[in-house]
Amino acid sequence: MSPIKCMVILTSIALTLKFTKRVYTSRGIVRGFHVDYGANRKELFHGCAVIFLGIPFAQPPVGALRFKLPMAVDKYSDEEGQLNHNEILRSRCAQANETGKPGQPSSEDCLYLNVFTPNVTGRYPVMVWIHGGAHFKGGANDFHYKKFRVQWRGFFTTFTPEFPANLGLFDQILALRWVNEEISAFGGDPDRITLFGQSAGAMSISGLSLSPLTKGLFNRMILDSGSVLVSFFVPNDKRGSIQRIRAAQWCKIKDDPMSSETALAELRKCLSNLSTEEIVKDDVTLSHPGSLRWAPVRDGAVFPDDPEVLARSRPAYDALLLDMPVEQAMFAPAYKSGNVSTFGIRSLKKSLLNRHYGYLSDVQLKRMLDILMENYKTKEIDKNDHLEWFKLNMDIISAERYTNYGRLEAEWLKSQGSRVFLATFTYGERKQHTPMTSAICGSLLQNGKRHGWKGKLLPEIWQWPTILVETSGWPESGSDYKFMNFDDSLDQMSNNWRAMDHYVFTEAMPPVIGKNPSINLTQDVESLLKYYVYSTPGTNQSILALDNK
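Taking full-length UniProt numbering, the leading residue of the sequence shown gets 1, the next gets one more, and so forth.
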């Protein structure tokens, strides 16, 4: 395949820069600089580009704007209308690391993006990357891209205008609006925009594709190991409970902080005065590896209905869906001691059934476990073969959390006329089954592929069918769910993508466990939320004018 040039929207790098390029946007002048990484295509970064760093797409969400919808930046504030402080990759959005302590440098002032373009005089297809991290962590200094509010700043809500839901998604929508309005000044084509995300980034894009607020903002999408459906369908205690528990922890409020206007006012006063450090330090205590701490929810605005309903009116997108054979392998490093010597059927029950489906009766739990064993336990496993039980656990949770929703996503997209392309990366995956002599559990998977990561093949994905489907030579997935299987031969076509996972969790399980209910907002609350969103100054024209596009 001949190389296809495109431009990429990303976010923040600490370099010694010499600005050599200016572009003129409707908001003012943005300065950039040239780079030359050489012509060796074997290197991850190669070729020439013009880079623009730290471009604000929203006002800093601090002070009175904390927990509020993002506000557009109308003009850059320099006297000459020039953006003069975009020489560094900005800090990631405020977050704690997995231990609950502050991780890499982060800030509440974080709504910036970066632009990387071959040159500013062309009209290139545009790739917008949205990072992963379970809506809990991640940012520009992972791989240099666009940021949005994560953790409590992006997804805490009381389902009222005091603390509106899905702020992280509103950030993304406003960033996409900026791209549509300004990217032509950087050599980009606003009529050829592809969204590409990994894990929670793919979840975000899946959700954006369902939302009526993104109509006309993009044409194609690459979902790498993620779908928003998991946040709607996977039980996560009683939906909304994390919001109440967090509020009680932060502000020491004994009563339900969402029970009255007085309680909400008290919560607003408390959270306005808490420091970032005070809030983030407790943000991992409720969770465990692999859980959904913060996630998109139905809110009456981004998601005015359940996903099944929204999918029926979703525009047709060219879509590439990617996954791994063992998505849950991303959490293997969490077993830092490498000790799987106690792993068995009880561990499986604890990690899957009790944590995610604890509300079910004992009879339901037993039947659920029977279904899982009937379909995923393909051979007898000795009770002392702890490594095999560990692998089985990863297989099942991978299917339950990721791959079955990918198949359902593909099914819904195809039903609306979308062109769907599918791929699975099994290259190197069997190596994880070699006998393990190391005490480090992580070595079990070191030569295989983990959740969302494709290694050196990843750059090639940026040229795949969501950029120029017409030239890809890649078969579209039909009723046989044909998919590209990247095994040791690197290009093997196979059929029936994720058929068993789809059967188990879409057909066999629902009669046993029932359908997990989504948030059912009252009509009054939903109307109030919509009114709040549409009437917020700086937001109605920059986000919700999209309804008229």
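For every residue, glycine included, the Cβ atom is placed at its ideal position computed from N, Cα and C.
Spatial distance of residue i from residue j (CA atoms)
| i | j | result |
| --- | --- | --- |
| residue 20 | residue 53 | 13 Å |
| residue 230 | residue 298 | 13 Å |
| residue 162 | residue 156 | 11 Å |
| residue 110 | residue 60 | 7 Å |
| residue 483 | residue 421 | 7 Å |
| residue 40 | residue 184 | 29 Å |
| residue 173 | residue 214 | 7 Å |
| residue 57 | residue 180 | 12 Å |
| residue 253 | residue 247 | 7 Å |
| residue 512 | residue 357 | 12 Å |
| residue 551 | residue 386 | Residue 551 is absent from the structure shown; the chain starts at 1 and stops at 549. |
| residue 35 | residue 378 | 53 Å |
| residue 245 | residue 170 | 24 Å |
| residue 399 | residue 506 | 11 Å |
Range of the contiguous alpha helix (DSSP H) that encloses residue i
| i | result |
| --- | --- |
| residue 494 | Where residue 494 is concerned, there is no enclosing alpha helix (DSSP H), although the beta strand (DSSP E) it sits in stretches over 492-494. |
| residue 21 | Note, residue 21: premise wrong, no alpha helix (DSSP H); beta strand (DSSP E) at 21-25. |
| residue 390 | 386-398 |
| residue 170 | 167-182 |
| residue 371 | 362-376 |
| residue 501 | 499-502 |
| residue 112 | No alpha helix (DSSP H) contains residue 112, which is instead part of the beta strand (DSSP E) from 112-117. |
| residue 404 | 404-415 |
| residue 345 | 345-348 |
Selection from the options that minimises the alpha carbon distance to residue i
| i | options | result |
| --- | --- | --- |
| residue 392 | 363, 343, 409 | 343 |
| residue 191 | 261, 123, 200, 323 | 123 |
| residue 315 | 23, 128, 412 | 412 |
| residue 382 | 29, 395, 345, 125 | 345 |
| residue 27 | 72, 210, 301 | 72 |
| residue 22 | 119, 47, 64 | 119 |
| residue 203 | 402, 178, 503, 513 | 402 |
| residue 76 | 112, 199, 43 | 112 |
| residue 318 | 306, 415, 277, 347 | 415 |
| residue 29 | 55, 47, 49 | 55 |
| residue 554 | 107, 476, 220 | Nothing about residue 554 can be reported from this structure: the residues present for the chain run from 1 to 549 only. |
| residue 475 | 514, 37, 419 | 419 |
| residue 361 | 514, 219, 205, 481 | 514 |
Exposure label - residue i; buried when at least 16 CB within 10 Å
| i | result |
| --- | --- |
| residue 272 | exposed |
| residue 308 | exposed |
| residue 114 | buried |
| residue 554 | This structure leaves residue 554 out entirely; the chain is present only between 1 and 549. |
| residue 158 | buried |
| residue 62 | exposed |
| residue 198 | buried |
| residue 348 | buried |
| residue 24 | exposed |
Distance CB(residue i)-CB(residue j) smaller than 8 Å
| i | j | result |
| --- | --- | --- |
| residue 296 | residue 226 | no |
| residue 425 | residue 324 | yes |
| residue 408 | residue 310 | no |
| residue 195 | residue 128 | yes |
| residue 395 | residue 322 | no |
| residue 551 | residue 167 | This structure cannot settle anything about residue 551, because the visible part of the chain is limited to 1 through 549. |
| residue 188 | residue 262 | no |
| residue 267 | residue 251 | yes |
| residue 320 | residue 423 | yes |
| residue 498 | residue 406 | yes |
| residue 501 | residue 404 | yes |
| residue 375 | residue 228 | no |
Residue i, enclosing beta strand (DSSP E) - first and last residue
| i | result |
| --- | --- |
| residue 221 | 220-224 |
| residue 201 | Looking at the DSSP string, residue 201 is not in any beta strand (DSSP E); the run it does join, the alpha helix (DSSP H), is 200-210. |
| residue 320 | 318-323 |
| residue 585 | Residue 585 is absent from the model: the chain starts at 1 and stops at 549. |
| residue 228 | Per DSSP, residue 228 belongs to no beta strand (DSSP E) and is neither H nor E. |
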